[in-house]
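Colleague:
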Amino acid sequence: MKKKHNSTLLLTGCSLSKEQYYRYEKNYQRIIELPQPISKSAILAQGACVTDYILGGPEYIDDAALKNFPKLQRLVLLGTGIPSFVDQKAAKEHGVLVMNTPHMNVQSVAEFALSMIITCASGAPAAAEHVREGSSWPQQAWKTLNEQHIGIFGMGHIGQALVEKLYALGARQLTYTSQSRKPQLEERYALRFVTQKELLNECDSVSLHLSYNEQTHHLINQSALQKCNPRLRLLCFSNPHVIDPKAARAALLKGNLKQLYMDGYYREWQENLGQNHDPEGLLNLPRERFWATSHLAAQTNRAIECQLAAALDLLHPGTN
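Under the working numbering, the very last position in the sequence shown is 321; numbers go up by exactly one each time.
Below you can see the structure in the form of structure tokens.
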């Protein structure tokens, strides 16, 4: 079968199944798979001939990176949050069409968020560190889901899935804030709508599920954190930039905020050089106050499979 001339597909963070390879190889002269890229430079080194790019890895593609992709026409992100992985303005200037695969990681992110609410409430990460060091044997009393007052900031698909899971496990003190009210959800789950200020002031745990844009940049700022519940554990599953890091560090040190957890950080992958090179100063705080993971919430086998299938269909609709 004759292949499409001068077309090259690059995939990062994923790879085609044998069936997908046979189905789509006719569209490309070459298919490059980097399921676990060792560095950003290794990705950019492949850029000269790439026309289509399925981005499922940890890399951020900005103007400098795009200069390594002179033939790139289309980029599909595995996931929803394009601003976390692609400089959209730069992509437009380079003539690159950027697409995403929304809503296919909803259940995995919601389940991960639920697990982190329990993990943070129990103090397990800090306890594990103390056990490793032999410095102490902490055993604090902690609240179960049905004992906690839990807040959800952002009631999109993930927020709604999280509410459903929390309710199924017995959580009954559920509060949310969102751009718009959800009357049906309020009735079904005894869910209470409040302002941002009330959410941060009343809850034991608040899970952030916000889209990142100019309006949500540093939405969690000094003013918000000065007035929050000092027992509050804040969990961020949005772009980290919805939180002002300077304000967060000050609130954690002063005791205005009990703990901050992030799935992701202000610099990721190779740009993250650890606590000794951290301008935000959060990584050197004790785990009782701050800890972060490496963007794990959406990295389930099923979510990646669904997103990859959707990405391929965006590039080649109706391919059989």
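Built from N, CA and C at the ideal position, the CB exists for glycine as well.
Since this is a predicted model, take the numbers as computed values, not measurements.
How many angstroms separate the CA atom of residue 216 from the CA atom of residue 243?
Modeller: Their Cα atoms are separated by approximately 9 angstroms.
Colleague: According to DSSP, is residue 152 helix, strand or coil?
Modeller: Note: residue 152 maps to strand in three-state DSSP.
Colleague: Whole-angstrom Cβ separation of residue 309 and residue 79, contact assumed at under 8 angstroms?
Modeller: Confirmed, Cβ separation roughly 6 angstroms.
Colleague: Of the choices 67, 269, 220, whose alpha-carbon is the least far from that of residue 248?
Modeller: It is 220.
Colleague: Roughly how many angstroms separate the alpha carbons of residue 40 and residue 279, rounded to a whole number?
Modeller: Distance between the alpha carbons of residue 40 and residue 279 is about 20 angstroms.
Colleague: What separation, rounded to the nearest whole angstrom, lies between the Cα atoms of residue 162 and residue 111?
Modeller: For residue 162 and residue 111, the distance between alpha carbons rounds to 6 angstroms.
Colleague: Note down, in chain order, each residue of its chain lying with its Cβ closer than 8 angstroms to the Cβ of residue 74, except the 5 sequence neighbours on either side.
Modeller: The residues are 52, 53, 96, 97, 98.
Colleague: Does the beta-carbon of residue 43 have 16 or more other beta-carbons within 10 angstroms, so that it is buried, or is it exposed?
Modeller: Residue 43 comes out exposed.
Colleague: Count the other C-beta atoms from every protein chain shown that fall within 10 angstroms of the C-beta of residue 23, then say buried if there are 16 or more, exposed otherwise.
Modeller: Under this definition residue 23 is an exposed residue.
Colleague: Please state if the CB of residue 176 and the CB of residue 200 are separated by a distance shorter than 8 angstroms.
Modeller: For residue 200 and residue 176, yes; Cβs fall inside 8 angstroms.
Colleague: Quick one: residues in its chain with C-beta nearer than 8 angstroms to the C-beta of residue 241, no 5 flanking neighbours on either side, listed in chain order?
Modeller: Result list for residue 241: 263, 265, 266, 267, in chain order.
Colleague: May I ask you to report which of helix, strand or coil DSSP gives residue 261?
Modeller: Reduced to three states, the DSSP call for residue 261 is strand.
Colleague: Residue 316: which of 38, 56, 37 sits nearest, CA to CA?
Modeller: Here the closest residue by C-alpha is 56.
Colleague: According to DSSP, simplified to helix, strand and coil, what is residue 305?
Modeller: Looking at residue 305 - three-state DSSP - the assignment turns out to be helix.
Colleague: By alpha-carbon positions, which one of 148, 239, 21 ends up nearest to residue 306?
Modeller: The option with the nearest alpha carbon to residue 306 is 21.
Colleague: By alpha-carbon positions, which one of 178, 151, 180, 179 ends up nearest to residue 166?
Modeller: Among 178, 151, 180, 179, the Cα nearest to that of residue 166 is on 151.
Colleague: Would residue 59 pass as a contact of residue 270 if the rule is Cβ separation under 8 angstroms?
Modeller: Cβ distance < 8 angstroms, so residue 59 and residue 270 count as in contact.
Colleague: Work out the CA separation of residue 137 and residue 261 for me, nearest whole Å.
Modeller: Rounded to whole angstroms, residue 261 to residue 137 spans 22 angstroms at the Cα level.
Colleague: In angstroms with no decimal places, state the Cα-to-Cα distance between residue 231 and residue 256.
Modeller: So the two alpha carbons sit approximately 6 angstroms from each other.
Colleague: In this structure, how does DSSP classify residue 10 when only helix, strand and coil are distinguished?
Modeller: Of the three classes helix, strand and coil, the one that applies to residue 10 here is strand, per DSSP.
Colleague: Among residues of its own chain, excluding the 5 on either side of residue 226, which ones have a beta-carbon nearer than 7 angstroms to its beta-carbon?
Modeller: The residues are 248, 249, 252, 257, 258.
Colleague: What is the C-beta distance between residue 50 and residue 9, in whole angstroms, given that I count them as a contact (C-beta under 8 angstroms)?
Modeller: Between residue 9 and residue 50 the Cβ distance is about 5 angstroms, and since that is below 8 angstroms, they are a contact.
Colleague: In whole angstroms, give me the CA-to-CA distance for residue 16 and residue 142.
Modeller: Cα-Cα distance, rounded: 45 angstroms.
Colleague: Is the CB-CB distance between residue 235 and residue 155 below 8 angstroms?
Modeller: Contact: no.
Colleague: Buried or exposed, going by whether 16 or more other CB atoms sit within 10 Å of the CB of residue 287?
Modeller: Exposed.
Colleague: Suppose the cutoff is 8 angstroms on Cβ atoms and the five residues either side in sequence are ignored; what does the same chain contact list for residue 198 look like?
Modeller: 225, 228, listed in sequence order.
Colleague: Along the chain, where does the beta strand (DSSP E) containing residue 1 start, and where does it finish?
Modeller: It is not possible to answer for residue 1, since the shown part of the chain is limited to 2 through 321.
Colleague: Just list the residues that DSSP pairs residue 237 with in beta bridges.
Modeller: Residue 237 pairs with 209, 263.
Colleague: What residue does the alpha helix (DSSP H) around residue 119 start on, and which one ends it?
Modeller: Residue 119 -> alpha helix (DSSP H) spans 107–123.
Colleague: Given a threshold of 16 other Cβ atoms within 10 Å of its Cβ, counted over all protein chains shown, does residue 191 qualify as buried or as exposed?
Modeller: With fewer than 16 other Cβ atoms within 10 Å, it is exposed.
Colleague: If you scan the stretch 27–93 from start to end, which runs of the beta strand (DSSP E) of 3 or more residues do you find wholly inside it?
Modeller: Within the stretch 27–93, the complete beta strand (DSSP E) runs of at least 3 residues are 31–35, 53–56, 75–78.
Colleague: Taking C-alpha atoms, which residue in 85, 91, 84 lies nearest to residue 66?
Modeller: Here the closest residue by C-alpha is 91.
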